[in-house]
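Protein chains in written order, with our numbering: chain A, 24 to 369; chain B, 2 to 297; chain C, 20 to 178.
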């Protein structure tokens with residue numbers, strides 16, 4: 024495995040170099056909020072101290088709005104056209120919990136018998152540069168270690184950029200896709216002995232703190248018996264049913280399909296949607312199978328910790344903590360998980 | 002006769018124990034520092050979980066829409082109380098079913114302004130308050146049944162956002178740049194709408210599919226459509242409580258626009274929402290001599 | 020890249036009882052006025068939902084005119100009084116957000132004011148022409164990328 028050493032300035036320079044042949048999505052700081060955004064010539068990279076920008080990189084794989092096809096309408100006929108193919112893209116600085124979130128999206132959108140062509144086309148041209156941090160910089164709201172993910176975990180990354188917490192970084196090139204970025208990387212010096220030693224030390228410390236104490240299989244079993252439980256009333260009571268948690272969540276992937284019309288041309292798009300909105304489950308007849316917030320709050324938890332695991336073998340939560348950070352009422356999903364474990368057997 | 006001053010936990014316990022109310026809606030300590038969370042206390046024994054401090058930012062009046070059939074006690078700051086007055090005027094709340102527990106408030110801490118290594122004293126300083134709090138004109142609730150603290154001083158303060166005033170003085174190009182920039186941040190999560198006590202339509206225009214008033218694409222014009230329409234629906238009803246701006250996960254500057262709306266309503270219709278229970282809401286009435294010069 | 024053939028496209032909401040009738044009178048009297056308006060007849064200026072105006076701007080219309088009965092003459096007695104308050108707030112808000120002054124305009128035109136209608140339309144059209152094509156708040160989602168435009172050119176035209 025090739026490894027390179029970088030200074031903090033080299034990190035920005037690397038992002039700039041990658042922009043020559045790719046679209047690059049990286050964390051930036053905008054009005055006090057760290058967000059994954061497409062870098063432009065004038066954008067400065069800003070890695071958040073805790074490694075987890077509030078707005079995730081989800082939109083690079085599942086855009087907030089994605090055109091499915093364009094159309095033109097005649098009196099009796101219609102013609103359609105595909106949108107241009109996605110350009111090669113690099114996701115720069117993706118925390119290990121977010122890399123595992125990409126795995127969730129991969130599982131959902133490649134599932135047979137209906138693999139999702141637009142998602143897979145984007146995924147195919149995406150190179151993931153993970154971001155590792157010493158574990159003591161983990162934000163208080165994040166709990167990925169309880170789900171078996173470490174802050175220096177380079178699983179499923181094409182490259183891995185480890186922050187050594189002393190102004191220096193190590194870049195590991197892990198896959199063929201990673202090697203394909205050679206023109207931007209080759210000029211960097213090979214990783215020094217000191218840097219590699221420090222990385223090993225930090226990595227060992229990070230692994231030691233992976234408690235993996237949230238037993239997903241157990242949660243799934245418990246949840247499968249809690250559909251009618253009273254606890255959902257309490258969970259929903261504080262919730263105001265906005266979309267902040269779903270939209271910032273790196274694994275939430277539900278969408279709505281709409282037509283955007285302009286005279287006789289237009290496009291069919293899919294937009295982010297959330298099970299927390301009333302309209303989400305409304306039928307054309309006007310009937311809505313979920314009429315109150317208890318049902319919607321229950322749905323979100325079930326989808327994350329029961330159905331996801333039951334159908335795909337992985338939980339639909341990677342402990343990034345964005346929902347905890349962004350909830351206007353400061354609900355904490357960790358409390359909900361505790362409550363689930365404290366429920367008596369029905 | 003001045004409003005009775007009580008201890009929060011005792012009054013909550015009393016109101017529940019003697020059956021005056023079914024639930025007390027207040028604040029309690031949450032899982033994160035610097036922010037309290039809403040609490041719904043039904044058992045007198047849980048009354049001790051209630052707190053009131055400078056981290057109690059949510060406007061709890063928002064929850065009253067869900068409890069119309071119940072008798073409810075709610076902890077209100079001066080800003081929240083304005084929402085109560087507004088909702089009573091709109092016949093959404095029955096004052097007889099409400100017990101208002103007033104909390105004099107010297108300002109709420111904005112966690113984004115507090116440095117990581119701040120001491121406790123530093124989190125109580127005026128320089129870490131929300132900007133809206135520094136401009137507050139109603140620090141002491143005026144219609145509460147009980148007060149849980151001594152009244153706090155009410156300093157003179159500019160009532161509307163500085164940015165509102167600044168933008169009024171610049172060219173339309175620059176105003177457009179600022180507005181676009183803010184709208185591009187918006188992800189249409191509707192947290193602002195959902196925390197607002199004045200937004201209570203059963204079917205919001207954004208959730209209507211027959212007719213479909215609004216698209217929810219990532220085009221900035223959709224965010225503009227949403228925010229402009231919501232603002233127009235809030236004309237004469239927005240009290241400036243600031244809950245929307247605090248709720249926004251991506252820090253869209255809502256305050257500048259809500260304040261402009263409130264300023265216009267004050268200048269043109271001489272009305273401020275939620276202050277005078279007898280005043281008539283400006284969009285429900287008209288005068289013969291209303292401003293007409295802008296119409297050809 | 021300015022298009023020398025560009026003509027302002029203006030949506031005009033005219034109340035049935037006064038302004039629409041006034042427009043009819045202008046037509047019957049053969050009074051010439053610019054052909055840039057597209058008329059939507061509404062029962063009353065008070066029926067005009069601000070969302071119509073916002074949608075018009077999103078769809079790329081260069082200007083919007085809303086015209087109703089003079090205060091005191093509303094067929095429904097009070098519709099235009101409420102509209103007046105609503106439009107004032109809308110106009111001030113739009114301008115504060117940076118929509119150019121003059122894109123969205125209002126008038127009171129009675130059924131007997133054929134000449135006034137023509138004059139209002141002329142004034143509004145010239146102002147919008149001066150402002151140029153609308154670009155702010157115009158939705159771009161349906162803008163066909165060049166390769167798609169090439170592909171769809173001529174398609175579905177046969178009928």
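Backbone N, C-alpha and C fix where the C-beta goes; we use that ideal spot for every residue, glycine too.
Beta-carbon contacts of residue i that lie in its chain and below 7 Å, excluding the five residues immediately before and after
i             : result
residue 52/B  : 28, 29, 30 and 37
residue 239/B : 199, 259, 262, 263 and 274
residue 207/A : 37, 40 and 41
residue 316/A : 259, 262 and 264
residue 166/A : 342, 344 and 357
For residue i: DSSP bridge partner residues
i             : result
residue 130/B : 110/B
residue 34/C  : 61/C
residue 293/A : 89/A and 280/A
residue 155/A : 185/A
residue 213/A : 27/A
residue 27/B  : 40/B
residue 258/A : None; residue 258/A has no bridge partner.
residue 99/B  : 73/B
residue 87/C  : 127/C
residue 104/A : 93/A
residue 13/A  : Since the first residue of chain A shown is 24 and the last is 369, residue 13/A is not available in this structure.
residue 6/B   : 148/B
residue 57/A  : 52/A
Own chain residues within Cβ distance below 8 Å of residue i, not counting five before or after
i             : result
residue 102/A : 94 and 95
residue 366/A : 245, 249, 252 and 254
residue 219/A : 26 and 193
residue 94/B  : 65, 69, 85 and 88
Beta-carbon contacts of residue i that lie in its chain and below 6 Å, excluding the five residues immediately before and after
i             : result
residue 279/A : 294 and 296
residue 56/C  : 29, 31 and 140
residue 214/B : 206
residue 48/A  : 59, 61, 80, 83 and 114
residue 94/C  : 36
residue 114/B : 129
residue 241/B : 263
8 Å Cβ cut-off: residues of chain C touching residue i
i             : result
residue 262/B : 108 and 112
Under 8 Å by beta carbon: chain B residues contacting residue i
i             : result
residue 97/C  : 287
residue 188/A : Per Cβ cutoff of 8 Å: no residues; residue 188/A is ~16 Å from chain B at best.
residue 79/A  : In chain order: nothing, as chain B lies at least about 11 Å away.
residue 122/C : Here the premise fails: no neighbours, minimum Cβ distance about 10 Å.
Per-residue contacts from residue i into chain A (C-beta, under 8 Å)
i             : result
residue 31/B  : 353 and 355
residue 176/C : 97
Within chain A, the residues that residue i reaches when beta carbons sit closer than 7 Å
i             : result
residue 218/B : 88, 283, 292 and 294
residue 41/B  : 260
Neighbour list for residue i in chain A, Cβ cutoff strictly below 9 Å
i             : result
residue 171/C : 93, 94, 95, 102, 103, 104 and 288
residue 60/B  : The premise fails here: residue 60/B is roughly 10 Å from chain A at the closest Cβ pair, so nothing lies under 9 Å.
7 Å Cβ cut-off: residues of chain B touching residue i
i             : result
residue 300/A : 208
residue 271/A : 250
residue 82/C  : Within 7 Å Cβ-Cβ: nothing; residue 82/C doesn't reach chain B, min ~13 Å.
residue 265/A : 190, 191, 192 and 195
Per-residue contacts from residue i into chain B (C-beta, under 9 Å)
i             : result
residue 127/C : 293, 296 and 297
Within chain C, the residues that residue i reaches when beta carbons sit closer than 7 Å
i             : result
residue 107/A : 164 and 166
residue 176/B : 115, 116 and 117
Cutoff 8 Å: residue i Cβ touching any chain F Cβ
i             : result
residue 236/A : Of the protein chains in the structure, A, B and C, none is chain F.
Chain C contact residues for residue i, given Cβ-Cβ distances below 9 Å
i            : result
residue 68/B : By Cβ distance, chain C contributes nothing, its closest Cβ being about 31 Å from residue 68/B, past 9 Å.
* **the region 132-152 of chain C / the region 35-52 of chain C touching (three or more Cβ pairs under 8 Å)** => Counting Cβ pairs under 8 Å, three or more are found: they touch.
* **Residues in the region 149-167 of chain C having any Cβ partner in chain A nearer than 8 Å** => Within the region 149-167 of chain C, the qualifying residues are 158, 160, 161, 163, 164, 166 and 167.
* Asked: Quick one: any contact between the region 104-119 of chain A and the region 152-162 of chain A, if contact means 3 or more CB pairs under 8 Å?
  -> Segments in contact, yes.
* Asked: Per the contact definition of three or more C-beta pairs closer than 8 Å, is the region 106-126 of chain B in contact with the region 333-353 of chain A?
  -> No, they do not touch.
* Asked: Mind listing which residues of the region 240-260 of chain A have their C-beta closer than 9 Å to chain B's C-betas, in chain order?
  -> The residues in question are 257 and 260.
* For the region 60-73 of chain C, which residues have a beta carbon sitting closer than 8 Å to at least one beta carbon of chain B? -> Residues of the region 60-73 of chain C with a C-beta less than 8 Å from any C-beta of chain B: 69, 70 and 73, listed in chain order.
* To do: Mind the definition here: the region 240-260 of chain B touches the region 195-215 of chain B only if three or more C-beta pairs lie below 8 Å; say whether that holds.
  => The answer is yes - the region 195-215 of chain B touches the region 240-260 of chain B, with three or more Cβ pairs under 8 Å.
* Evaluate the contact criterion for the region 235-245 of chain A versus the region 320-338 of chain A: three or more CB pairs, one atom per stretch, below 8 Å. => Yes: at least three Cβ pairs fall under 8 Å.
* Between the region 195-213 of chain A and the region 300-307 of chain A, do at least 3 Cβ pairs fall closer than 8 Å? -> Contact between the region 195-213 of chain A and the region 300-307 of chain A is absent, because fewer than three Cβ pairs lie under 8 Å.
* Between the region 281-293 of chain A and the region 154-161 of chain C, do at least 3 Cβ pairs fall closer than 8 Å? -> Put simply, the region 281-293 of chain A touches the region 154-161 of chain C. At least three CB pairs are less than 8 Å apart.
* Asked: Does the region 163-180 of chain B touch the region 110-125 of chain C, meaning 3 or more C-beta pairs lie closer than 8 Å?
  -> Touching, per the Cβ criterion.
* Are at least three pairs of beta-carbons, each pair with one atom in the region 52-61 of chain A and one in the region 72-90 of chain A, less than 8 Å apart? -> Yes: at least three Cβ pairs fall under 8 Å.
* Taking a Cβ distance cut-off of 9 Å, strictly less, list which residues of the region 264-287 of chain B are near chain C, in chain order. => Answer in chain order: 265, 266, 269, 270, 283, 284, 285, 286 and 287.
* Asked: Listed from N- to C-terminal order along the chain, which residues in the region 215-246 of chain B have their beta-carbon within a distance smaller than 7 Å of any beta-carbon of chain C?
  -> Within the region 215-246 of chain B, the residues whose Cβ lies closer than 7 Å to some Cβ of chain C are 218, 220, 222, 225, 226, 229, 230, 232, 233 and 236, listed in chain order.
* **Three CB pairs or more closer than 8 Å across the region 15-28 of chain B and the region 71-79 of chain B** => The count of Cβ pairs closer than 8 Å, one atom from the region 15-28 of chain B and one from the region 71-79 of chain B, reaches three, so the stretches are in contact.
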